[in-house]
Amino acid sequence: MSHTLSYDNTFEGFLSTVFYVFEYKLSKVKIVKEERFAQTFFDIPIIVETEDEKATRIWRWLAKEAGRGACNDLYRAYLSELEGIEDDLLYFIQAVAKTKDAKHLIKNFADPTILKISKVVRKVGREKHRMDAFVRFRETKDGLYVATVEPDFDVLPLITSHFEKRYADQKWLIYDLKRNYGIYYDLHKVETVKMEMDKNVNKASYSHLFFTENELAYQELWQNYFKSVDIVSRRNTKLHLQHVPKRYWKYLSEKQPFS
Amino acid sequence: MNFDRIKEKLNILADAAKYDVSCSSSGSNRTNKDKGLGNASGMGICHTYTQDGRCVSLLKILLTNHCIFDCAYCVTRKSNDIKRAAFKVQEVVDLTINFYRRNYIEGLFLSSGIFKNPDYTMERLIQVAKKLREEENFNGYIHLKSIPGASDELMREAGLYADRLSVNIEIPTKEGLKLLAPDKKREDFTKPMQKITNEIIQYKSEKKIIKSTPIYAPAGQSTQMIVGASGESDAAIMYTAAHFYKKFQLKRVYYSGYVPISYDDRLPSIGTEVPVLRENRLYQTNWLLRFYGFDIRELLNKEHPNLDVDIDPKLGWALRNLDQFPVDVNRADKRMLARIPGVGMRSVHKILYARKYRKLNWEHLKAIGISMNRAKYFLVCDSSYFESKDRTPEQLKDLILHGGKSKFNNVYNGQLNLFETPQTKRIA
Ligand code: SF4
Chain B
1 MSHTLSYDNT FEGFLSTVFY VFEYKLSKVK IVKEERFAQT FFDIPIIVET EDEKATRIWR
61 WLAKEAGRGA CNDLYRAYLS ELEGIEDDLL YFIQAVAKTK DAKHLIKNFA DPTILKISKV
121 VRKVGREKHR MDAFVRFRET KDGLYVATVE PDFDVLPLIT SHFEKRYADQ KWLIYDLKRN
181 YGIYYDLHKV ETVKMEMDKN VNKASYSHLF FTENELAYQE LWQNYFKSVD IVSRRNTKLH
241 LQHVPKRYWK YLSEKQPFS
Chain U
1001 MNFDRIKEKL NILADAAKYD VSCSSSGSNR TNKDKGLGNA SGMGICHTYT QDGRCVSLLK
1061 ILLTNHCIFD CAYCVTRKSN DIKRAAFKVQ EVVDLTINFY RRNYIEGLFL SSGIFKNPDY
1121 TMERLIQVAK KLREEENFNG YIHLKSIPGA SDELMREAGL YADRLSVNIE IPTKEGLKLL
1181 APDKKREDFT KPMQKITNEI IQYKSEKKII KSTPIYAPAG QSTQMIVGAS GESDAAIMYT
1241 AAHFYKKFQL KRVYYSGYVP ISYDDRLPSI GTEVPVLREN RLYQTNWLLR FYGFDIRELL
1301 NKEHPNLDVD IDPKLGWALR NLDQFPVDVN RADKRMLARI PGVGMRSVHK ILYARKYRKL
1361 NWEHLKAIGI SMNRAKYFLV CDSSYFESKD RTPEQLKDLI LHGGKSKFNN VYNGQLNLFE
1421 TPQTKRIA
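Heads up: the protein sequence lines correspond to chains B and U, in order.
First residue of the first sequence? That's 1 in the numbering used here, and the numbers climb one at a time after it.
First residue of the second sequence? That's 1001 in the numbering used here, and the numbers climb one at a time after it.
So, in structure tokens, the structure goes:
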């Protein structure tokens, strides 16, 4: 018989579910986030409780058997939020349990599922780098450097340490509008925050309400700079779009019309 | 801040600096000190891309475009009738800090026309870097141009604040240099380069003994050569590059397709196409030398002084060396795997890992992501099907180029494939 298991949308929840699968020796399972649960009413639904202790046990065991690198990869793949990714991850974790020496199992690229995971890991990695690059801070009148983003995958956990190390002497907030949470640095530590963002914060006509005059001046200087470095006789729009796909333009200062 | 004035200066001095293609911010190891601003470790980030697809990583400007020299290939040359401007030291500092805080850039790349004399110019560049480091506690990336002819003492000081230093050779041959830049001698470039090379070696060895030795130009040196301005061959460019890589332990040599900017009859005239494809072939060659284990003599030599334009240099090499193929992907070593056309370095690694678990067949190779339409003629795998027919290099080239859609498409895609990661990595 097949089982559908649901968990609370957290990574710990997912690992607890994996624990559950091992504990009850289930085969033929599908793991879904609670929010996606409704569509699959054909199967017997099991709601798995998140238990940090069980999650930690699975995670430590995995690190020991498959290596730190594999754990990082699994976490990254998980953040892709792709439909069915949980099942691929479970497949791998079960394979680790069955393999005597699983230290390099994550590199068995002859296995279609493992190859697929590696490709997802790469995509998530690319999105992380895009966010490192494309975050554009704007200085508010309260001296906070704020950026809004809508990444394809849930990569804020992956970029935290980069921004924390780099911008140690300014308060900043990077807010994911798609997933409605952000990371906030108060000069001491980074915290995850949830808040009501003003709807108008990204509208040019309201800019002067939120941001300093200096801020608007530097945005304009940056736009100017972007225009000046263009070498018209070399223009290659295809290559440009490949590097800076249009869906990211919304929050790039250099791509905004002059206010 | 006199905003309009700054804006005008920025337009003029960014425009004049854009012909220097280097925009790398990688290779340094500067960490954020005492909760200050910024760091410069790791790969370097391209924060945006110009409309011709070049990485924008640094604020790249000239301190001034006043110049006492008259190099024919340069927009800033004395005899050119253009608007001139000069930044004050503090203005560059403010721009850098404020762009950096907004995550626009990884740091500053500061170059300059030569005003008064080389030392006077170099001193100003150093002042900017020193101010950024000491007054602003800025730990982001700083790339300073070594001004040809600057004194040893100043060059030494520059390395204390900069992550990278560079001086552009621009013209690969001595004769070309004489013709196009009569004010300059080879020695004007090599002397500051040599000084910095020596300092880097010395600081490194001291650091081993005394931990508190300051870091010195941790991202090393680079240079740039203009392609297509003086009728030089690809071999002349690449052999000069190889010489400089070795002699001065350069981190990177950049190739910049000449953008016609004057009606000087010593140079290609305005309207001549920028040799972008040729530039790309040179980068590919460089890439093969750095990461694929090729020796320059295999790719360019007396019989073969120029790279093929219609095919990439790796395919070109394979076609000249068909006796080394087909390669058995289940047994060949890394070196030979890397030489199969259509197999990139990432695929090489995947093959090496995957074949520990089982013998690989066409399905596996395809899933791993190798480019079948070229690779299939050069390899065998765990399958009874393979291309067994003997073909001449010309026939193979024809098959590969015209097997796909249009001829141009095929060449172009091949080129982009090889560059899929390099685009970011190479520049980063
Ligand atoms: S010295 Fe430098 S800035 Fe001056 S003309 Fe020559 S290349 Fe241009």
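Using N, Cα and C, we set each Cβ at its ideal position, and we do this for glycine too.
Only a predicted model underlies this, so the values are computations on that prediction, with no experimental measurement involved.
Is there a Cβ from chain U that is less than 8 Å from the Cβ of residue i?
{"i": "His243 of chain B", "result": "yes"}
{"i": "Tyr185 of chain B", "result": "no"}
{"i": "Lys246 of chain B", "result": "no"}
{"i": "Phe226 of chain B", "result": "yes"}
{"i": "Tyr251 of chain B", "result": "no"}
{"i": "Leu158 of chain B", "result": "no"}
{"i": "Tyr91 of chain B", "result": "no"}
{"i": "Ala168 of chain B", "result": "yes"}
Against chain B, does residue i count as a neighbour if the rule is that its beta carbon must be under 8 Å from one of theirs?
{"i": "Gly1414 of chain U", "result": "Residue placement at Gly1414 of chain U cannot be trusted, given a pLDDT of 40 that sits under 50; what the coordinates show is reported in the next sentence. Answer no: the Cβ-Cβ gap between Gly1414 of chain U and chain B never drops below 8 Å."}
{"i": "Leu1108 of chain U", "result": "no"}
{"i": "Val1259 of chain U", "result": "yes"}
{"i": "Val1056 of chain U", "result": "yes"}
{"i": "Leu1379 of chain U", "result": "no"}
{"i": "Gly1027 of chain U", "result": "no"}
Measure from the C-beta of residue i to each C-beta in chain A and report whether the shortest distance is under 8 Å.
{"i": "Glu53 of chain B", "result": "The structure shown contains no chain A; the protein chains it does contain are B and U."}
Could you have a look at residue i and say whether DSSP puts it in helix, strand or coil?
{"i": "Ala1085 of chain U", "result": "coil"}
{"i": "Arg179 of chain B", "result": "coil"}
{"i": "Thr1076 of chain U", "result": "coil"}
{"i": "Gln1395 of chain U", "result": "helix"}
{"i": "Met197 of chain B", "result": "coil"}
{"i": "Phe1138 of chain U", "result": "strand"}
{"i": "Glu1187 of chain U", "result": "helix"}
{"i": "Tyr185 of chain B", "result": "strand"}
{"i": "Tyr1254 of chain U", "result": "strand"}
{"i": "Pro45 of chain B", "result": "strand"}
{"i": "Phe210 of chain B", "result": "helix"}
{"i": "Phe226 of chain B", "result": "helix"}
{"i": "Met1155 of chain U", "result": "helix"}
{"i": "Arg57 of chain B", "result": "helix"}
{"i": "Lys1356 of chain U", "result": "coil"}
{"i": "Leu1337 of chain U", "result": "helix"}
{"i": "Leu1300 of chain U", "result": "coil"}
I need the straight-line Cα distance from residue i to residue j, nearest angstrom please.
{"i": "Glu150 of chain B", "j": "Glu191 of chain B", "result": "19 Å"}
{"i": "Thr1213 of chain U", "j": "Tyr145 of chain B", "result": "35 Å"}
{"i": "Met1264 of chain U", "j": "Tyr1019 of chain U", "result": "The sequence given here places Asp at residue 1264 of chain U; Met does not occur at that position. Rounded to whole angstroms, Asp1264 of chain U to Tyr1019 of chain U spans 18 Å at the Cα level."}
{"i": "Ser1269 of chain U", "j": "Arg1084 of chain U", "result": "24 Å"}
{"i": "Lys100 of chain B", "j": "Leu26 of chain B", "result": "21 Å"}
{"i": "Tyr1385 of chain U", "j": "Val1329 of chain U", "result": "14 Å"}
{"i": "Tyr251 of chain B", "j": "Arg1030 of chain U", "result": "29 Å"}
{"i": "Tyr1049 of chain U", "j": "Phe137 of chain B", "result": "18 Å"}
{"i": "Gly1113 of chain U", "j": "His1066 of chain U", "result": "6 Å"}
{"i": "Lys1033 of chain U", "j": "Ser207 of chain B", "result": "33 Å"}
{"i": "Arg1266 of chain U", "j": "Leu1180 of chain U", "result": "7 Å"}
{"i": "Leu79 of chain B", "j": "Tyr1357 of chain U", "result": "28 Å"}
{"i": "Val96 of chain B", "j": "Ala66 of chain B", "result": "7 Å"}
{"i": "Asn1168 of chain U", "j": "Gln1224 of chain U", "result": "5 Å"}
{"i": "Met195 of chain B", "j": "Ile174 of chain B", "result": "12 Å"}
{"i": "Met984 of chain U", "j": "Glu127 of chain B", "result": "This structure cannot speak to residue 984 of chain U, because chain U is shown only from 1001 to 1428."}
{"i": "Lys1195 of chain U", "j": "Val232 of chain B", "result": "37 Å"}
{"i": "Glu1123 of chain U", "j": "Ile1147 of chain U", "result": "10 Å"}
Residues of chain U with CB closer than 8 Å to the CB of residue i, please, in chain order.
{"i": "Lys165 of chain B", "result": "Thr1031, Asn1032, Asn1039"}
{"i": "His104 of chain B", "result": "Tyr1353, Lys1356"}
{"i": "Ala217 of chain B", "result": "Met1001, Phe1003"}
Please list, in chain order, the chain B residues whose beta carbon lies closer than 8 Å to that of residue i.
{"i": "Asp1052 of chain U", "result": "Asp230, Ile231, Arg234, Arg235, Asn236, Leu239, His240"}
Run through chain U and tell me which residues come within less than 7 Å of residue i, C-beta to C-beta.
{"i": "Tyr175 of chain B", "result": "Here the premise fails: no neighbours, minimum Cβ distance about 14 Å."}
{"i": "Val135 of chain B", "result": "Asn1103"}
{"i": "Glu254 of chain B", "result": "Thr1048"}
{"i": "Phe109 of chain B", "result": "Lys1350, Tyr1353, Ala1354, Ile1368"}
{"i": "Leu74 of chain B", "result": "Near Leu74 of chain B there are no residues of chain U at all, since even the closest Cβ is about 17 Å away, more than 7 Å."}
{"i": "Asp132 of chain B", "result": "Ile1045"}
Between which two residues does the alpha helix (DSSP H) carrying residue i extend?
{"i": "Gln1284 of chain U", "result": "1276–1291"}
{"i": "Met1238 of chain U", "result": "1234–1247"}
What in chain B is Cβ-close to residue i, meaning under 7 Å?
{"i": "Arg1364 of chain U", "result": "It should be noted that the sequence gives His, not Arg, for residue 1364 of chain U. Neighbours of His1364 of chain U on chain B, chain order: Ala110."}
{"i": "Ala1229 of chain U", "result": "Per Cβ cutoff of 7 Å: no residues; Ala1229 of chain U is ~14 Å from chain B at best."}
Which residues in chain U sit within 9 Å of residue i, going by Cβ to Cβ distance?
{"i": "Asp198 of chain B", "result": "Near Asp198 of chain B there are no residues of chain U at all, since even the closest Cβ is about 20 Å away, more than 9 Å."}
{"i": "Tyr145 of chain B", "result": "Arg1101, Arg1102, Asn1103"}
Identify the continuous beta strand (DSSP E) that holds residue i and give its terminal residues.
{"i": "Ala147 of chain B", "result": "145–149"}
{"i": "Tyr91 of chain B", "result": "Run containing Tyr91 of chain B: none in the beta strand (DSSP E); it sits in the alpha helix (DSSP H), 85–98."}
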